[in-house]
Structures are given as C-alpha cells and as structure tokens.
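*Asks:* This structure is in structure tokens; I'll ask about it shortly.
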Amino acid sequence: MRLGGYVLHRNNRDTLGAALQGLLAVCDDVVALDSLSDDGSVELARSLGARSVSLPWQGYGAARAAAVEALGACDYVLFLDSDEAFGPGALEVLRAWKASGPTEALYRLPRRDWAELPGRRFRYRTEWRARLVRRDTARWRPEMIVHEALPRMRAPRLHAPIEHRFATSVERRSQKEERYALLWALRAHAEGRKPKPALLQRPAHLVRDGLLHGAFLRGGADAWRLAWAVAGYHSAKYRYLRALREGAFPRMVQLYREGAYAELFERVRAGQLE
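Below, the structure is given as structure tokens:
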C-alpha cells in the first residue's frame, strides 16, 4: 500500500519542519505545496526530503487539488497543515494502520488545538478531523476556497494525535476568523445556502468550546477571550451571508463567480471589499 502525504505552506519555516518530518517518517512520497514563500521554507522542505511544488495562492481547494495531483499514484493521502505536527504515539498508530490493509474511504484523527498566548499555554479543544483519505475520495475543487470539507461519509477514528498551534494571539485569531467568515459566506451565497440566525451562533459555540470541550477549565480568562473571538466566526459568517443576499459586496461576488480567487483573497486580506 502506497501512502502519499502533503503540507500546504507559505512563509511557515518556523513550524513547517515538524509537519514534514512526521509525514516523511510514514509516507512513501511527500509534497510541500508552496504558495510563493520567501522565508526559506522551500529550501527547508527540499533539505528534509520533500518534493516542493509552487502554486500562487488561489484558495485551499485549488491548493489541495494540486498537491494530490502532484503526489501521483498512491492508495491513500495523509495531510497536515503547516502549523501542525504528529503527537506522541501517532507514527506507531499510522504504521500499524498502513500494514493492516485499510479499505475505508476516510479516517478521522484527533487534532489538539493549542493556545500559545503570552505567559500561558493550554489545550483549547480537541476535534476529530478527516486527514487520511483514500486517493479516489481526495477530490477538492477550486471553488472550495476555505473550510474545504470533503463530503460527509463513514469515517472511523484513528487514534494518531495531531498537535496544532491554533492561536498565538487572540487579536490575530479574531482577524483571521473574520476574514474566513466572509470567504465562507461568498461560497455559501454562490451555492444558494440560507442564513441561520446570526445572534444565536456565538453563544452556542462559546458554550461548545468553553464548557463542553473544557477550554475554560484549562485556560481560565485567556480561554474566555479566545473562545469569544473564535465563536465570533460563526455569527459573522451568517451576518455576511445575509448581507450578500441583500446585495452587499457585489465586486466580491463577481470575483468568486469568475473564479478570480487570487484577487479575492488579496482584497479580503487588504480589507478592500467594495
């Protein structure tokens, strides 16, 4: 059984090495999909033994599709983000899985989101994420610009933990959530989705992460601040979706419709929404 692995990155030299080393330890082929970095990430990837492939940034869907295509013939695809690394025991579990003759289309791994805030580090939450995909199921499309989930299907759990540097600043995390909320809404609008009540989303997700996932217990006041910022994404995306349905941001809608995703991301990053 042949296992391919990939990481998407830009200027992520400080965390990229750990992600690649984990994949290289268990995969038969590893691609580092580079979005035109200039911090030495490409040189690092090559020095570790990964194949570097460059592609201007056009969103997560296009990047994931390009990475899978670059891997070529393989039976399964295993992928990490550039700020992730395998936790204790993960490689042993993955090697045993690989030798077991797997057949499922999808497997979910536990991802532990870590907050590394000034003076405090704590586990914010643990979520099970689809990260091990049979090659014929690993189909991403360019219009999946953010939160590019594969179709829902049976997905057994594989206890190979992933450690994720989720937040190093509440402010930067909040800004990222706001950008992603608009990008999600643009795709949802194009697909004809209807908005949910925006006001209910923030408290619901605050309770989910803070209480049900235990962030408040482990992180105290810092966890409250972070959870409030993260939960804001879920209200913002439906607020944006409602605004789009009412005719807001026509230029952004046009760019998405035309598939001009590179310009779309640049405008969102710069705050040029009109």
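Under our numbering, think of the first position of the sequence shown as 284, with each following residue one higher.
All C-beta atoms, glycine included, are put in the ideal place defined by N, C-alpha and C.
Predicted, not measured: the structure shown is a model, and the values here were computed from it.
Alpha helix (DSSP H) containing Ala302: first to last residue?
*Replies:* Note, Ala302: alpha helix (DSSP H), 296-309.
*Asks:* Alpha carbon to alpha carbon, how far is Ala333 from Ala373? Give it in angstroms, no decimals.
*Replies:* Rounded to the nearest angstrom, the two C-alpha atoms are 20 Å apart.
*Asks:* Output the distance between the C-alpha atoms of Leu291 and Met427, rounded to the nearest integer angstrom.
*Replies:* Straight-line Cα distance between these residues: approximately 15 Å.
*Asks:* Considering Ala346, what are the terminal residues of the alpha helix (DSSP H) in which it resides?
*Replies:* First-last of the alpha helix (DSSP H) with Ala346: 343-354.
*Asks:* Per DSSP, what kind of secondary structure is His472 in: helix, strand or coil?
*Replies:* Reduced to three states, the DSSP call for His472 is helix.
*Asks:* For the candidate residues Ala398, Arg406, Ala443, whose alpha-carbon lies nearest to that of Tyr390?
*Replies:* Nearest of Ala398, Arg406, Ala443 to Tyr390, Cα basis: Ala443.
*Asks:* Answer with buried or exposed for Ser320, where buried requires no fewer than 16 other C-beta atoms within 10 angstroms of its C-beta.
*Replies:* With 16 or more Cβ atoms within 10 Å of its Cβ, Ser320 is classed as buried.
*Asks:* Assuming Trp511 is part of the alpha helix (DSSP H), what are its boundary residues?
*Replies:* 498-528 is the span of the alpha helix (DSSP H), which, as asked, contains Trp511.
*Asks:* Any contact between the stretch 407-416 and the stretch 391-398? By contact I mean 3 or more CB pairs, one from each, below 8 Å.
*Replies:* Touching, yes.
*Asks:* Decide if Gln555 is buried, meaning its Cβ has at least 16 other Cβ atoms within 10 Å, or exposed.
*Replies:* The residue is exposed, with fewer than 16 neighbouring Cβ atoms inside 10 Å.
*Asks:* Specify whether the stretch 492-505 and the stretch 515-532 touch according to this definition: at least 3 beta carbon pairs, one from each stretch, less than 8 Å apart.
*Replies:* Flag = no, the stretch 492-505 and the stretch 515-532 do not touch.
*Asks:* Closest to Gly370 by CA distance: which of Arg285, Leu441, Gly515 is it?
*Replies:* Among Arg285, Leu441, Gly515, the Cα nearest to that of Gly370 belongs to Leu441.
*Asks:* Please state whether DSSP places Trp380 in a helix, a strand or coil.
*Replies:* Note: Trp380 maps to helix in three-state DSSP.
*Asks:* Give me, in chain order, the residues of the same chain whose beta-carbon lies closer than 7 Å to that of Gln484; leave out the 5 immediate sequence neighbours on both sides.
*Replies:* Here the set comprises His517, Ser518, Tyr521.
*Asks:* Going by DSSP, what residues sit across from Gly287 in a beta bridge?
*Replies:* Answer is Asp312, Val360.
*Asks:* Measuring alpha carbon to alpha carbon, tell me which residue in Ala473, Ser457, Leu509, Gly493 is nearest Gln537.
*Replies:* Of Ala473, Ser457, Leu509, Gly493, the residue nearest in Cα terms is Ala473.
*Asks:* Tell me, please, which residues DSSP counts as bridged to Val336.
*Replies:* The partner list for Val336 (beta bridge, DSSP) reads Leu316.
*Asks:* Does DSSP put His430 in a helix, in a strand, or in coil?
*Replies:* Correct three-state label for His430: coil.
*Asks:* If I follow the unbroken beta strand (DSSP E) through Ala446, where does it start and stop?
*Replies:* Checking the sequence shown, residue 446 turns out to be Glu, not Ala. Run containing Glu446: 445-450, per the beta strand (DSSP E) assignment.
*Asks:* Is DSSP giving His442 helix, strand or coil here?
*Replies:* His442 falls in the coil class under three-state DSSP.
*Asks:* State the Cα-Cα distance for the pair Ala379 and Asp358, rounded to the nearest angstrom.
*Replies:* Between Ala379 and Asp358, the C-alpha separation is close to 16 Å.
*Asks:* With DSSP as the reference, label Arg424 as helix, strand or coil.
*Replies:* Three-state result, Arg424: coil.
*Asks:* Got a sec, what are the start and stop residues for the alpha helix (DSSP H) Arg534 sits in?
*Replies:* Here the alpha helix (DSSP H) through Arg534 covers 533-541.
*Asks:* Does DSSP put Glu557 in a helix, in a strand, or in coil?
*Replies:* Correct three-state label for Glu557: coil.
*Asks:* Among Glu454, Ala348, Leu469, which one has its Cα closest to the Cα of Ala510?
*Replies:* Considering only alpha carbons, the answer is Glu454.
*Asks:* Going straight from the alpha carbon of Glu375 to that of Leu361, what length do you get?
*Replies:* So the alpha carbons of these two residues sit roughly 15 Å apart.
*Asks:* Quick check on Arg435: buried or exposed, where buried means 16 or more other Cβ atoms within 10 Å of its Cβ?
*Replies:* Flag for Arg435 reads exposed.
*Asks:* Roughly how many angstroms lie between the CA atoms of Pro439 and Leu377, to the nearest whole one?
*Replies:* When rounded, the distance between both Cα atoms is 14 Å.
*Asks:* Kindly list the residues whose CB is nearer than 6 Å to the CB of Gly267, restricted to its own chain and excluding five residues on each side of it in sequence; keep chain order.
*Replies:* As displayed, the chain neither begins before 284 nor continues past 557, which places residue 267 out of reach and without an answer.
*Asks:* Does any CB atom of chain C fall closer than 8 Å to the CB of Met284?
*Replies:* Among the chains of the structure shown, chain C does not appear; only one protein chain is present.
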